[in-house]
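*Asks:*
There are 2 protein chains.
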Amino acid sequence: MGNIIQYGSILVALLAFAFAAWLYLWVKRQPCENRKILKATDLIRAGARTFLRKEYLVLARFAGVAAVLIFVFLPKPVWQGSALHNVWMVVAYVFGTGFSAVAGKIGLEVATIANGRAAEAARQGIKPSFMAGFRGGAVMGMAVVGASLLGVTIVYLATKDPTTVLGFSFGASSLALFAKAGGGIFTKTADISADLVGKVELGIPEDDPRNPAVIADNVGDNVGDVAGMGADLFDSNVASMAAALVMAGALGGNHVDMVFTFAALGLLASIIGVMTARIGKHGNPTRALNASTYVTTTVYVVLTAAATYLFHYAWRIWGACIVGLAVGVIIGLSTDYFTDDSKKPVHFVAHASASGPAFTILSGISYGLLSVLPAMVGIGVAAFTAYKLCAPLAPDPSQTVQYALFGISMAAVGMLSIVGMIVSNDAYGPIVDNARGLAEMGDLGDEVLGITDQLDCAGNTVKAVTKGFAIAAAGLTVIALLGAFMSEVNTAAAELGVAGITNFDIMNPMVFFGLLVGAAIPVVFSAMLMLGVDRNAQRMVAEIHRQFKEIVGLREGHPGVEPEYDKCIEIATTGALKELIPAGLMAILATFVVGFIGGVSAIGGFLCGNIVSGLLFALFMSNSGGL
Amino acid sequence: MGNIIQYGSILVALLAFAFAAWLYLWVKRQPCENRKILKATDLIRAGARTFLRKEYLVLARFAGVAAVLIFVFLPKPVWQGSALHNVWMVVAYVFGTGFSAVAGKIGLEVATIANGRAAEAARQGIKPSFMAGFRGGAVMGMAVVGASLLGVTIVYLATKDPTTVLGFSFGASSLALFAKAGGGIFTKTADISADLVGKVELGIPEDDPRNPAVIADNVGDNVGDVAGMGADLFDSNVASMAAALVMAGALGGNHVDMVFTFAALGLLASIIGVMTARIGKHGNPTRALNASTYVTTTVYVVLTAAATYLFHYAWRIWGACIVGLAVGVIIGLSTDYFTDDSKKPVHFVAHASASGPAFTILSGISYGLLSVLPAMVGIGVAAFTAYKLCAPLAPDPSQTVQYALFGISMAAVGMLSIVGMIVSNDAYGPIVDNARGLAEMGDLGDEVLGITDQLDCAGNTVKAVTKGFAIAAAGLTVIALLGAFMSEVNTAAAELGVAGITNFDIMNPMVFFGLLVGAAIPVVFSAMLMLGVDRNAQRMVAEIHRQFKEIVGLREGHPGVEPEYDKCIEIATTGALKELIPAGLMAILATFVVGFIGGVSAIGGFLCGNIVSGLLFALFMSNSGGL
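As you go down the protein sequences, you meet chains A and B in turn. Counting from 97, one number per residue, gives the positions in the first sequence under the numbering used here. Counting from 97, one number per residue, gives the positions in the second sequence under the numbering used here.
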């Protein structure tokens, strides 16, 4: 079919951008007149912009070094006469960081407009406030998925080479590393410090404007939870497509078209899902968010079935894709079980807490540990089922593993198909969280606070679900990437005329060595970031104490007396970027060292170790935190 | 050399028993006259005996079922005409549980005698008190290692079949599961409850005799930390020998003799190490414990080198063994770094705690996460080096992996060689911990308390080190067992005339499925145990509250008024056994389910997942706890 499918994908991506623009203008049209809120949103936006600018600057330097290394070494050393190919890799890499950065920037800009709109709209009731929050978040969802689909398609059309798409994916990963980890340090620093001095020490409300860290806290929600989460899911989405394309390219046939079709239909389904999101006048926001997710899922199943029928794709691969989607939804629901306050785990922990804080920690951690089971088994079953479904498609036995791995990568594509909806729901959370804070700062009264509280609560519940989903999707994607890695190694080996690798055998001590070290790295990475937050929060707590001590009338809330918000933002920004670098370097260097010592086999084990421990600790931490 | 080496091993084991008997008599000879202490030790001993009896009864039922299953199915289904072999497996299995149980019982009896002796001896100064505590612990060390060497040797001599030794090892594992998990629930229930109501709520000292849970707490130290830890290291020690024997049997030559020689020399080195343990009149107990560990290590290196020279063993295998030992020591030292109060991590956490308890948890968990790195890398390097050292020994390339795996199993044997010393140090901890409590209950005065505090502190530091060592040794052992598993599968396949397995390939979705589920199981197992502790502790806290409320004069400490200690012991005992069963069943059933779904490949992945997540979480939890 020539490139029709790819042009269709571009069309869908542009449709998503147009829809995002429409949503943006709708949000912008909503009234926002309260001067205190306007002033606070200006401060938040300025803080977020400053952070993003500084973060992108650090990233640019990193990407510059990476680009040079890519030019010299990837996909083949440049002295082996592959200069043009290497240049394409660099271009794709830079594109990957750039597209992701732009999507993050768009999301952030809208989020910092939507938060104030949602706060003011709450005066008219829950319905307009919900819509402002949700549509603000949906801009991010559309921008992220539109940009990822557009980027992958352009790179593929320009080069017809899946390996180059991996370069684009690597760019997205670089940005995600910085955005997620840097934004994470920022938001947690501000969050902990603001709560600790405000709520715990002084007993003032959560978003009290006297608290010098309150604006930094709101900035954090935006740079960490909006831009960071967006970059993360941009990365997963691109990676799932890239992995599927690498394997589809190796198989030939209409498999490449299938990847694009299914990815584009996922975005289309998300657009429809977002359009149908509605809440009654006294409606339940959690139900509204979940309902549109289910709409998206159903539409996706129907559309992909139709496409499979129309374009004569293999039904078994469609099955693998739907299994991935179903497992994603199930994992989301299981996360909900562990974090929803109407379910047993939260009740148990609340009950245990009556015997003292030791029991809160003990039972909270226990349920967090328990919660890893459904997701681990779910991902395992998804991989297993996709394998069983797709292995019989192989025309000859030597291709069984290839087809099976393609099936797994399509399960990942399926799980990520509704990512547009997921990002929308996810960005909704920090927007209404901010709206709640702004309502308090703007003195909008208890009734409005009640409404924003309700919206915020829905945001927290949905957030836990989308986080579980994001972790599972990342896990399955990385499994697919592992397949792509082996496929790439074998292609390279064939070109060099040496023997490729047929497996990563656990009994091979090289693989095992890589596996053990690889399992340690995500844990150590988390530890370094947490220690970074710790150090940074101590600096900020000291600054908050200083302000309450030195600024006369601040604690008492004398009119006209204001804290120096920018000092706290400055501490969070500088600290986040400073603390991020050692952790990032450690992760990258560890990979090189392991590869240098143990070669390709050790790297295979290393990646596998990353997956296992990354999944375990991500699920444990995210769910016990949510709980 | 016929069976000379094996007879020599038996001789060394008997020597260890004789030495243990001498130590036991020495401890028994120490004076113990304080009536309050005598009464308390009687209570502790009675409580520990009751728990052990009940635990062994539950275990006996479990072992009965397991024995029937083994008879029917292992090593081959009985209807395939292997009845005699299967009977031997059952006998070995029962032997394994029995030997471990007896060693645990001996250790416990001595520990509950030594605690009171150590308390009273503290009136004469630190030296006699240290000796009473250390020699009491050394009885356990000698009994555990003597019994494991004796058992393995007898089973091997009787059957000449390494597979049957695996049956012995399985018996040891069954007991370890119950002793470690059941004892663990008991000790943590009592520990948390006693501290929470006593120290935190009422502000009374840690071992105040008014606290109804104080005796249960001391019983817990003995059943959890003495008997449980002993069973655990008995299990690891036997498993390392069994794995090495399976692989040595497959290789032929003098490799079997080498395993026995090296294991026996390890015990001999430990005997010498224990004999040399001395402390000056005002000496430092930590230094004394470490010094004897170094003596053991040095003696072992020299003895094994001499044996290798004398018996013409391969120097490369000796090298693998020594690498294992060296890595074990390094891991122990790194654990020390993370848990010693003179080192940076403890200082950082203490400093961070000044900003509030949130920072204690945050930084404590962070350092706990960080602490996994040295051990994971260390075990990886040990496996890798052992492979590199031993692979060249293979007479033809098809045996490379076999030799490499034998090297790894010998690294595990090397790491566990000093286990006699480790168990001695480890059992010293709860004995002097108890001594501290008894000194308080016996009103021995502040000077004596100061001395027991010093001894207890050394116990805590050394405990963290030995725990790190135990985890690392278990990890390396299980890697060796994985090799034994593959070797057994291939032997069985060859007998059935079907194709064996040559690898556990991560890219095989069966293996991957097993890997993910396997990684979840240790985490879920821990969670279930922790929730069990949580439920149990809530019951005990309620009981303590009841006693303080209903027993007139208890809180005020009126003379003659005593709490009902036995009620708390009863709660801990019943609860521990009740909470243990679901977790144990889950772990066992999960293995069967995975094997049923995915066959041998999935089980291989499953075991590998167990290793990775078991290591990660064991290191994380143990080190952050120690910190």
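The C-beta atom is built at its ideal place from N, Cα and C for all residues, glycine as well. For clarity, every value in this text was computed on a predicted model and none was experimentally measured.
Buried or exposed: A:D542, going by 16 or more other Cβ atoms within 10 Å of its Cβ?
*Replies:* Start at 1 with the first residue of the first sequence, and residue 542 of chain A comes out as number 446. Flag for A:D542 reads exposed.
*Asks:* What residue from A:L170, A:T193, A:F195, A:G192 has the CA that sits closest to A:V183's CA?
*Replies:* In the first sequence, counting from the first residue as 1, residue 183 of chain A sits at position 87. Checking every option, the nearest Cα to that of A:V183 belongs to A:L170.
*Asks:* For a contact defined as C-beta to C-beta under 7 Å, what are the partners of A:N599 on chain B?
*Replies:* One-based indexing of the first sequence puts residue 599 of chain A at position 503. Here the neighbours are N599, D601, M603.
*Asks:* So, does the stretch 212-229 of chain B touch the stretch 118-136 of chain B, judging by three or more C-beta pairs under 8 Å?
*Replies:* In short, these stretches touch, since the Cβ pair count reaches three.
*Asks:* Check the Cβ-Cβ distances between A:L612 and every residue of chain B, and say whether any is below 8 Å.
*Replies:* Residue numbering aside, residue 612 of chain A sits at position 516 when the first sequence is read from its first letter. Yes, A:L612 lies at the interface with chain B (some Cβ there is under 8 Å from its Cβ).
*Asks:* Along the chain, where does the alpha helix (DSSP H) that runs through B:M603 open and close?
*Replies:* Looking up residue 603 of chain B in the second sequence gives position 507. Counting along the chain, B:M603 falls outside any alpha helix (DSSP H), and DSSP gives it neither H nor E.
*Asks:* Quick check on the DSSP output: the alpha helix (DSSP H) that includes B:K563 runs from which residue to which?
*Replies:* Here the question's residue 563 of chain B lines up with position 467 in the second sequence. Segment 542-592, the alpha helix (DSSP H) holding B:K563.
*Asks:* Which residue comes first and which comes last in the alpha helix (DSSP H) that contains B:W175?
*Replies:* Within the second sequence, residue 175 of chain B is the residue found at index 79, counting from 1. Run containing B:W175: none; DSSP gives neither H nor E here.
*Asks:* Quick check: the Cα distance between A:A335 and A:V574, rounded to an integer number of angstroms?
*Replies:* As a first step, residue 335 of chain A is located in the first sequence; it is residue number 239 there, counting from the start. As a first step, residue 574 of chain A is located in the first sequence; it is residue number 478 there, counting from the start. Looking at the two C-alpha atoms, the distance is approximately 8 Å.
*Asks:* For B:G452, which three-state DSSP category applies?
*Replies:* Residue numbering aside, residue 452 of chain B sits at position 356 when the second sequence is read from its first letter. Of the three classes helix, strand and coil, the one that applies to B:G452 here is coil, per DSSP.
*Asks:* Find the residues of chain B that neighbour A:L685, judging by a C-beta separation of less than 8 Å, and give them in chain order.
*Replies:* Here residue 685 of chain A refers to the residue found at position 589 when the first sequence is read from its first residue. None at all; the shortest Cβ gap to chain B is about 13 Å.
*Asks:* Answer yes if the stretch 133-150 of chain A comes into contact with the stretch 548-559 of chain A, meaning at least three C-beta pairs across the two stretches below 8 Å, and no otherwise.
*Replies:* Result no; under three Cβ-Cβ pairs closer than 8 Å.
*Asks:* Please go through the same chain and pick out, in chain order, the residues whose beta-carbon is closer than 7 Å to the beta-carbon of A:G320, but skip the five residues on each side of it.
*Replies:* Position 224 of the first sequence, counting from 1, holds the residue named residue 320 of chain A. Cβ neighbours of A:G320 beyond the five flanking positions: G279, G280, F282, T283.
*Asks:* Taking B:G476 as the reference, give the member of B:M343, B:K439, B:A568, B:G200 with the closest Cα.
*Replies:* Position 380 of the second sequence, counted from the first residue, corresponds to residue 476 of chain B. For B:G476, the nearest C-alpha among the options comes from B:A568.
*Asks:* Within 10 angstroms of the Cβ of A:W414, are there 16 or more other Cβ atoms? Answer buried if so, exposed if not.
*Replies:* Counting from one through the first sequence, the residue named residue 414 of chain A turns up at place 318. Classification of A:W414: buried, given that the 10 Å Cβ count is 16 or more.
*Asks:* Quick one: list the residues of chain B neighbouring A:I368, beta-carbon separation under 7 Å, in chain order.
*Replies:* As a first step, residue 368 of chain A must be located in the first sequence, where it is residue number 272. Per Cβ cutoff of 7 Å: no residues; A:I368 is ~33 Å from chain B at best.
*Asks:* Between the Cα of B:A338 and those of B:Y463, B:S622, B:H654, B:K256, spot the shortest distance and give me the residue it belongs to.
*Replies:* As a working note, residue 338 of chain B is residue 242 in the second sequence. Here the closest residue by C-alpha is B:K256.
*Asks:* Of all Cβ atoms in chain B, is any one closer than 8 Å to the Cβ of A:L329?
*Replies:* Taking the first residue of the first sequence as position 1, residue 329 of chain A is located at position 233. For A:L329, the answer is no, since every Cβ of chain B falls outside 8 Å of its Cβ.
*Asks:* Closer than 7 Å by C-beta to B:V251: which residues in its own chain qualify, once you throw out the five before and the five after it? Chain order, please.
*Replies:* Here residue 251 of chain B refers to the residue found at position 155 of the second sequence. So the qualifying residues of the chain are A188, F191, T260, V261, F264.
*Asks:* Step through the CB atoms of chain B and report whether any lies within less than 8 Å of the CB of A:S459.
*Replies:* In the first sequence, counting from the first residue as 1, residue 459 of chain A sits at position 363. Chain B contact via Cβ: present.
*Asks:* Measure the alpha-carbon distance for B:E302 versus B:A109 and round it to whole angstroms.
*Replies:* Here residue 302 of chain B corresponds to residue number 206 of the second sequence, with the count starting at 1. Here residue 109 of chain B corresponds to residue number 13 of the second sequence, with the count starting at 1. Cα to Cα, B:E302 sits roughly 40 Å from B:A109.
*Asks:* Among the residues of its own chain, which have a CB less than 7 Å from the CB of B:V468, if the five just before and after it don't count?
*Replies:* Here the question's residue 468 of chain B lines up with position 372 in the second sequence. Cβ neighbours of B:V468 beyond the five flanking positions: L712, L715, F716.
*Asks:* Any beta carbon of chain B sitting closer than 8 Å to that of A:C704?
*Replies:* Residue 704 of chain A sits at position 608 when you count from the first residue of the first sequence. By this cut-off, A:C704 is an interface position.
*Asks:* Would you say B:L347 reaches chain D, if we count a Cβ-Cβ gap shorter than 8 Å as a contact?
*Replies:* Looking for chain D here will not work: the only protein chains present are A and B.
*Asks:* Going by C-alpha to C-alpha distance, which of B:G579, B:I202, B:G232 sits closest to B:I504?
*Replies:* Translated into positions along the second sequence, residue 504 of chain B becomes position 408. The shortest C-alpha separation from B:I504 is found at B:G579.
*Asks:* Can you give, in chain order, each stretch of the alpha helix (DSSP H) that sits fully within the stretch 150-233 of chain B and has at least 4 residues?
*Replies:* Fully enclosed alpha helix (DSSP H) runs of 4 or longer: 179-217.
*Asks:* What does A:F609 reach in chain B if we use C-beta pairs closer than 8 Å?
*Replies:* Within the first sequence, numbered from 1, the residue matching residue 609 of chain A stands at position 513. Within 8 Å Cβ-Cβ: G476, V477, A479, F480.
*Asks:* May I ask which residues mark the beginning and end of the alpha helix (DSSP H) holding A:Q126?
*Replies:* Residue 126 of chain A sits at position 30 when you count from the first residue of the first sequence. From DSSP, A:Q126 is part of no alpha helix (DSSP H); its letter is neither H nor E.
*Asks:* Identify, in the order they occur along the chain, each residue of the same chain with its Cβ nearer than 6 Å to the Cβ of B:Y433, setting aside the five sequence neighbours on each side.
*Replies:* As a working note, residue 433 of chain B is residue 337 in the second sequence. Cβ neighbours of B:Y433 beyond the five flanking positions: K439.
*Asks:* Determine the chain A residues that contact B:Q498 at a beta-carbon separation under 8 Å, and present them in chain order.
*Replies:* Along the second sequence, read from residue 1 onward, the residue named residue 498 of chain B stands at position 402. The contacting residues do not exist; B:Q498 stays about 10 Å from chain A at best.
*Asks:* Is it the case that the stretch 221-241 of chain A contacts the stretch 106-123 of chain A, given that we only count it when at least three CB pairs across the two stretches are under 8 Å?
*Replies:* Judged by Cβ distances under 8 Å, the stretch 106-123 of chain A makes contact with the stretch 221-241 of chain A, as three or more pairs qualify.
*Asks:* Given a cut-off of 8 Å, decide if A:I427 and A:A365 are closer than it, judged by their beta-carbon atoms.
*Replies:* Along the first sequence, one-based indexing puts residue 365 of chain A at 269. Along the first sequence, one-based indexing puts residue 427 of chain A at 331. The answer is no: Cβ separation not under 8 Å.
*Asks:* Roughly how many whole angstroms lie between the Cα atoms of A:L246 and A:L512?
*Replies:* As a working mapping, residue 246 of chain A is identified with position 150 in the first sequence. As a working mapping, residue 512 of chain A is identified with position 416 in the first sequence. Taking the straight line joining both Cα atoms gives about 16 Å.
*Asks:* So that I know if they touch, is there some Cβ in chain B lying closer than 8 Å to that of A:I288?
*Replies:* As a working mapping, residue 288 of chain A is identified with position 192 in the first sequence. It does: the Cβ of A:I288 has a partner Cβ on chain B nearer than 8 Å.
*Asks:* Check whether the Cβ atoms of B:I222 and B:H378 sit closer than 8 Å, and answer yes or no.
*Replies:* The residue given as residue 222 of chain B occupies position 126 in the second sequence. The residue given as residue 378 of chain B occupies position 282 in the second sequence. Yes; because the gap between Cβ atoms is below 8 Å, this pair is in contact.
*Asks:* Does DSSP put A:K295 in a helix, a strand or coil?
*Replies:* Taking the first residue of the first sequence as position 1, residue 295 of chain A is located at position 199. It is helical.
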